[in-house]
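What follows is a set of notes on a single structure, which appears directly below.
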Amino acid sequence: MSEPPNSPVAREIVSRIESGEWTAARVVEAYIAQAIVAHEKTNCITEGMCIAVSMFLLFEQALKQAKELDASFASTKKLRGPLHGVPFSFSSTDNVIGFDTTVGFTQWANKPATSNAVLVQQLIDLGAIPVFKTNVPQTMFSFESSNPLWGRTTNPYNSGYTSGGSSGGEAAALALDGAAFGIGSDIGGSLRIPTGYCGIYSLKPSVGRISKTGALGPDSGFEGIKDVVGPMGRSVEDLDLFCRFIFGRGDNFADQLLVPLPYRETKLPQKLRFGYYSNDGFVKASPANRRAIMETVGALRKEGHECVEITVPNVPEAMQIFSALTSSDAYRKMTSHLGPDPMEPFLSLPVYSARVPGFLLSIATWVVETFVGDAIFANLARVVHKKSVGEYNEWNTKRNEYNDMFFEKVWKHYALDGIICPVQAMPQIPNGGAIDLLPLAIGTVLYNVVNSPCGVLPVTYVDAKKDQLTEDWTDPTKRNGSKILENMVYNGFMGKKSYYDAEAMEGMPVGIQLVGKRYEDEKVLGMMEVVDNALKKANGSNFGPGAARRAKGAAK
Numbered sequence: 303m304s305e306p307p308n309s310p311v312a313r314e315i316v317s318r319i320e321s322g323e324w325t326a327a328r329v330v331e332a333y334i335a336q337a338i339v340a341h342e343k344t345n346c347i348t349e350g351m352c353i354a355v356s357m358f359l360l361f362e363q364a365l366k367q368a369k370e371l372d373a374s375f376a377s378t379k380k381l382r383g384p385l386h387g388v389p390f391s392f393s394s395t396d397n398v399i400g401f402d403t404t405v406g407f408t409q410w411a412n413k414p415a416t417s418n419a420v421l422v423q424q425l426i427d428l429g430a431i432p433v434f435k436t437n438v439p440q441t442m443f444s445f446e447s448s449n450p451l452w453g454r455t456t457n458p459y460n461s462g463y464t465s466g467g468s469s470g471g472e473a474a475a476l477a478l479d480g481a482a483f484g485i486g487s488d489i490g491g492s493l494r495i496p497t498g499y500c501g502i503y504s505l506k507p508s509v510g511r512i513s514k515t516g517a518l519g520p521d522s523g524f525e526g527i528k529d530v531v532g533p534m535g536r537s538v539e540d541l542d543l544f545c546r547f548i549f550g551r552g553d554n555f556a557d558q559l560l561v562p563l564p565y566r567e568t569k570l571p572q573k574l575r576f577g578y579y580s581n582d583g584f585v586k587a588s589p590a591n592r593r594a595i596m597e598t599v600g601a602l603r604k605e606g607h608e609c610v611e612i613t614v615p616n617v618p619e620a621m622q623i624f625s626a627l628t629s630s631d632a633y634r635k636m637t638s639h640l641g642p643d644p645m646e647p648f649l650s651l652p653v654y655s656a657r658v659p660g661f662l663l664s665i666a667t668w669v670v671e672t673f674v675g676d677a678i679f680a681n682l683a684r685v686v687h688k689k690s691v692g693e694y695n696e697w698n699t700k701r702n703e704y705n706d707m708f709f710e711k712v713w714k715h716y717a718l719d720g721i722i723c724p725v726q727a728m729p730q731i732p733n734g735g736a737i738d739l740l741p742l743a744i745g746t747v748l749y750n751v752v753n754s755p756c757g758v759l760p761v762t763y764v765d766a767k768k769d770q771l772t773e774d775w776t777d778p779t780k781r782n783g784s785k786i787l788e789n790m791v792y793n794g795f796m797g798k799k800s801y802y803d804a805e806a807m808e809g810m811p812v813g814i815q816l817v818g819k820r821y822e823d824e825k826v827l828g829m830m831e832v833v834d835n836a837l838k839k840a841n842g843s844n845f846g847p848g849a850a851r852r853a854k855g856a857a858k
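If you're matching positions, the sequence shown starts at 303 in the numbering used here and goes up one per residue.
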């Protein structure tokens, strides 16, 4: 064989199986071997692992399914479907018959699912093969994938850093070629943040494009900010292939939330108009993140596209809306599943803030605003508390009003095809950093609040020389965001050194978000391809299958 089955995109895997060059079993064996390597480096795989015999039971099932596909193809010469023999993985939230869906909770273990999640079954029907499940944060409410049941998942480029969350195990496994593509979820950045950290590709679709039936979560029934399921992969092409066969696919199941909107072919204008920004007024993006934005803008301009710098109005309000809605029950339901498990440290800030007595909260926020001079942080803290039904409804109204404002003052005012912006203010977060930096999720939360489809793609790597801090970041007078958060990131705060450290992050990926209008998911995929090709042409970007394994010092 000219190359291992882990190297090509999904469509080529199918083509080589159809030509007889490969078998589905050979492909699955190759991915299993690499998945074990990925797990040894990052601790990314969960349900299905039998520690006593060091065996992954889902692997056995995957090999059995692959051999059945091979036998069927040998006798009929027909593929099962357009994803015939393609191995895929998925986060711990998705049901698979015979295996636990723990979502990182000990008390959810040893309760095997009796049916497959609809999306898992759809992919199986298309010929794809589920190979393993991946780690998530305790309660899913963090961008660090750590829990008492399965432990911590680390970054494939540097084990001192997190792989992100909530789909952090998924991102780590894909970055190290453990599967051809994967499935994750997103309510505040859970797909996009780990994608950015691990140097892969993903799409957060508009609400309702993909079925969530059979995917479990810690806060079922919450509708204030709707979560979505989306694809993660090693190329834009793989994301597009997934969406072509999954968008709006209802089959014969009851899912009243699924929008009956199949994949639509989209012809992009020859000259696209992009808006871009690197400072959202909440936390100024780091030198590495700004460089990624400007390299993208430069590459697009070379290809004849128009890029204009924009201002997104009142981003802190979007974070207030998100936090007010998600804390409406003081996070009681979310944490009710902990049982005997100790609460992970990264939950301390949101959970305890939501349960502080009102008079103490008033005093604390007054001190922060008056003496620290951080009205942004104080106003955010003020909305994190238990609410009445009436208060909850008022925040839903504010969310809807913010959506209208965003459309008028951003999409309509600037007449944009898409928006290019940071995934987060920092390219990477060290293990344990989420305990202080959870509000940095505003970079992705904004686009959950306004229900915009978002793609994430890698641009470059942190360069210790190019991405050093200057006065533009360390001088508080040259920043306009939250003083507390920006000090934590760039200056240090309360005895802790600054979190941004270009030397420590040297060689780690830096990604961007590409945002589109609601339900223009296919256009976002098309624009992602335009951006990816422009970057490859401009700077020789070599992200894709094998990128993390090629990286110098990966998983050190």
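Even glycine gets a Cβ: it sits at the ideal position worked out from N, Cα and C.
If you check the CB distance, valine 311 and glutamate 539 come in under 7 Å.
The C-beta of tyrosine 763 has 16 or more other C-beta atoms within 10 Å across all chains shown, which makes the residue buried. The secondary-structure analysis by DSSP pairs glutamine 409 with nothing; it has no beta-bridge partner. Leaving aside the five residues that flank valine 388 on each side, the residues in its chain whose CB is nearer than 6 Å to its CB run, in chain order, Ala312, Ile315, Ala430, Ala482. Annotated three-state conformation of glutamine 815 is strand, per DSSP.
Residue environment analysis places proline 562 among the exposed positions, since fewer than 16 neighbouring C-beta atoms fall within 10 angstroms of its C-beta.
Glycine 641 is a Cβ neighbour of glutamine 409, given a cutoff of 7 Å. The beta strand (DSSP E) runs of length 3 or more contained entirely in the region 714-755 are, from start to end of the chain, 720-724. Here leucine 493 is near lysine 506, since their CB atoms are less than 7 Å apart. The C-beta of glycine 486 has 16 or more other C-beta atoms within 10 Å across all chains shown, which makes the residue buried. Beta-bridge pairing by DSSP links alanine 415 to Ile399. Here cysteine 346 carries a coil assignment [DSSP, helix/strand/coil].
Tryptophan 668 counts as exposed, since fewer than 16 other beta carbons sit within 10 angstroms of its beta carbon. Burial check for glutamate 446: the Cβ neighbour count within 10 Å reaches 16 or more, so the residue is buried. Distance check between alanine 683 and each of Asn695, Pro647, Ser309, Tyr654 places Tyr654 closest, using alpha-carbon atoms only. Partner residues in the beta bridge of glutamate 608, as assigned by DSSP, are Arg575. In the DSSP assignment, methionine 534 is bridged to Gly484, Ser504. Counting only the Cα atoms, phenylalanine 547 lies some 7 Å from tyrosine 565. Here valine 758 carries a strand assignment [DSSP, helix/strand/coil]. Contact check for leucine 627 and isoleucine 489: beta-carbon distance about 11 Å, past the 8 Å limit, so the pair fails to qualify. Counting only runs of 3+ residues, the beta strand (DSSP E) found wholly inside the region 573-653 occupies 575-578, 608-611, in chain order. Across the structure, serine 522 and glycine 606 are spaced so that their CA atoms are roughly 46 Å apart.
Sorting Ile347, Asp396, Leu428 by C-alpha distance to the C-alpha of proline 414 places Asp396 at the top. Contact check between the region 606-620 and the region 841-850: fewer than three CB pairs, one atom from each, fall below 8 Å, which does not count as touching. Out of Thr613, Val826, Tyr633, Leu742, the CA that lies nearest to the CA of aspartate 719 is found in Val826. Here the alpha carbon of tyrosine 801 sits roughly 9 Å from the alpha carbon of asparagine 789. Leaving aside the five residues that flank serine 417 on each side, the residues in its chain whose CB is nearer than 7 Å to its CB run, in chain order, Asn397, Ile399, Gly516. An exposed status is given to serine 664, since fewer than 16 other beta-carbon atoms sit within 10 Å of its beta-carbon. Where phenylalanine 390 is concerned, there is no enclosing alpha helix (DSSP H), although the beta strand (DSSP E) around it starts and stops at 389-393.
Per the coordinates, the alpha-carbon of methionine 621 lies some 19 Å from the alpha-carbon of isoleucine 814. The Cβ atoms of glycine 453 and glycine 583 do not sit closer than 7 Å to each other. Rounded to the nearest whole angstrom, the CA to CA distance from threonine 637 to tryptophan 697 is 22 Å.
The beta carbon of histidine 341 lies closer than 6 Å to those of Ile347 in the same chain, with the five residues before and after it left out. Closest in C-alpha terms to glycine 462, from the list Asp823, Gly818, Lys343, Arg592, comes Lys343. If you look at isoleucine 512, you'll find it isn't in any beta strand (DSSP E); DSSP assigns it neither H nor E.
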